[in-house]
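Counting from 1 along the sequence shown, just add 248 to a position and that's the residue number in the numbering used here. Glycine is no exception: its CB is placed at the ideal position from the N, C-alpha and C atoms. Computed from a predicted model, the values in this text were never measured in an experiment. The structure under discussion appears below in the form of structure tokens.
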Amino acid sequence: MLQANEIQQRFNVIEQAIGQAAQACSAERDVPSELRDCIQKLDRKSDMAKEVIQSQDQMRIRKVVDDLEQLGDRARRVCGSGANLTPQMKNAVLHMHEELSNLKHQLH
Numbered sequence: 249m250l251q252a253n254e255i256q257q258r259f260n261v262i263e264q265a266i267g268q269a270a271q272a273c274s275a276e277r278d279v280p281s282e283l284r285d286c287i288q289k290l291d292r293k294s295d296m297a298k299e300v301i302q303s304q305d306q307m308r309i310r311k312v313v314d315d316l317e318q319l320g321d322r323a324r325r326v327c328g329s330g331a332n333l334t335p336q337m338k339n340a341v342l343h344m345h346e347e348l349s350n351l352k353h354q355l356h
């Protein structure tokens with residue numbers, strides 16, 4: 249199991265990745281609404297997740313990371329569904345998903 253400070257450090261990286269995906273989403277004109285929705289939800293949920301992580305409640309942390317990773321999965325699927333996205337957008341989403349997935353697997 250990861251220590252609390254390791255979880256916090258990993259989550260800081262995830263927040264940056266979500267922020268990059270949100271910026272890429274804002275910069276693109278033809279982002280599918282499902283992808284835009286996923287990224288907005290990730291952005292909002294990551295704010296809530298910060299509080300959960302600070303609580304150091306392992307069950308709540310796992311749940312919030314699982315929820316974030318599911319949204320990341322949805323975003324990744326949209327990117328792979330043939331949507332006409334720039335490489336920057338795809339890379340931002342894939343990086344975000346990879347970070348979320350790695351943390352999820354380390355917590356379980």
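If you compare alpha carbons, which of the options is closest to residue i?
i      : options                           : result
Glu258 : Lys298, Arg292 and Asp285         : Here residue 258 turns out to be Arg, not Glu, going by the sequence shown. If we check each option's Cα against that of Arg258, Lys298 comes out closest.
Glu317 : Gln251, Glu263 and Glu254         : Glu263
Val300 : Gln288, Asp314 and Ala323         : Asp314
Leu333 : Gln306, Leu250, Val261 and Pro280 : Pro280
In or out: residue i buried (at least 16 other Cβ within 10 Å) or exposed?
i      : result
Gly320 : buried
Ser274 : exposed
Arg324 : buried
Met307 : exposed
When the Cα atoms are used, what is the spatial distance from residue i to residue j?
i      : j      : result
Val326 : Gln304 : 33 Å
Met344 : Gln288 : 13 Å
Arg292 : Val312 : 12 Å
Val341 : Ala265 : 8 Å
Leu351 : Gln271 : 22 Å
Gln268 : Val261 : 11 Å
Would you say the beta carbon of residue i is closer than 7 Å to some non-hydrogen atom of the ligand ADP?
i      : result
Ala252 : Ligands are entirely absent from the displayed structure, and the ligand ADP is therefore not among its contents.
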